[in-house]
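Following: one structure in structure tokens, then a few remarks.
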Amino acid sequence: MVEQYLLESTARELVRLAMHAQGLDALLVPRQASSGENAGKPPARRGSKPPLSVSIVDLKMETEQLLGRWCAQVASESPESGLPPGRGSGGQLMATRADWLRERLWVIESAVWGTLCCEELVAQARMVEDVVAPADGDVIDPPPFGTARQLARWCRLLGSPMSRSTIQRAVADGRLPSVVAPNGQVLIETEAVLELARLN
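Just so we're aligned, residue 1 is where the sequence shown starts under full-length UniProt numbering, counting upward by one.
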């Protein structure tokens, strides 16, 4: 038997997950390149091609699989609850599955596996929310040095996108100062990267 607070939390998180499903899809759309040979050119077409964020694709697939697995489990436990949604495109399938599960929390509540199901759904929904709609908090300043990957994220966050490969090329060309850390990582001066990003 699932405890009431966990059941209520699961219901709330499934509503949020359904709301954020389209937002997760929006993060998959290729962005206009800000630097490099395709600078200023819009993506040729929408769809799954670079520069997609692999981590967003992974999160989307993981979420859809988790929802699909628990939908199948609920349908198996309670055939009278009907067939789970198996079709839909993009965030629509995720939202439909989240809604379907929320409407059948009575099945999950009494199931032996109910607590595990609720815990997994809540954790996944919160992860999606953190990606799609991160909480507003205090402004965090970027570190003085970082790897090309870290600084590419900071550039994007601060509104001057620059790809990791562009940063790496600028380091190789000597346009960006860098040092090699004891662990072998190449650390680049953040301010120099941000300045270069603003110029591009």
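Virtual Cβ for every residue (Gly too), placed ideally from N, Cα, C.
Source: prediction; values computed, not measured.
Assuming residue i is part of the beta strand (DSSP E), what are its boundary residues?
| i | result |
| --- | --- |
| A187 | According to the sequence displayed, residue 187 carries Leu and not Ala. Note, L187: beta strand (DSSP E), 186-189. |
| S160 | Here S160 belongs to no beta strand (DSSP E), and DSSP marks it neither H nor E. |
| S178 | 178-180 |
Determine, using beta carbons only, whether residue i and residue j come nearer to each other than 7 Å.
| i | j | result |
| --- | --- | --- |
| V2 | E109 | yes |
| L176 | A192 | yes |
| A26 | A95 | no |
| G146 | T190 | yes |
| L105 | A11 | yes |
So, at 7 Å on beta carbons, what are the nonlocal neighbours of residue i in its own chain, with the 5 sequence-adjacent residues on each side left out?
| i | result |
| --- | --- |
| H20 | V128, E129, V132, A133 |
| E13 | L121, V122, A125, R126 |
| D138 | Residue placement at D138 is flagged as unreliable, the pLDDT there being 45, under the threshold of 50; the coordinate-derived value follows with that caveat. No residues qualify anywhere along the chain. |
| R164 | A148, R149, A152 |
| N194 | In the sequence on display, residue 194 carries Leu and not Asn. Hits under 7 Å: C155, L158, S160. |
| E77 | V107, A111 |
| S34 | Here the model assigns S34 a pLDDT of 48, short of 50, so the residue's position is not dependable, and the following value carries that caveat. P161, M162, N200, listed in sequence order. |
Leaving aside the five residues before and after residue i along the sequence, list all residues of the same chain whose C-beta is less than 6 Å from its C-beta, in chain order.
| i | result |
| --- | --- |
| R69 | none |
| L6 | C118 |
| V57 | none |
| A197 | C155, S160, M162 |
Excluding the five sequence neighbours on either side, which residues of its own chain have a C-beta within less than 8 Å of the C-beta of residue i, listed in chain order?
| i | result |
| --- | --- |
| C71 | P84, P85, R97, W100, L101 |
| T115 | V2, E3, L6 |
| W113 | Q73 |
Could you check whether the segment 67-85 touches the segment 93-101, counting it as contact only if at least three pairs of C-beta atoms, one from each stretch, sit closer than 8 Å? Cβ pair count under 8 Å is three or more, so yes.
Let me know the alpha helix (DSSP H) ranges lying completely inside the segment 1-29, each 4 residues or longer, listed in chain order. The qualifying runs are 4-26.
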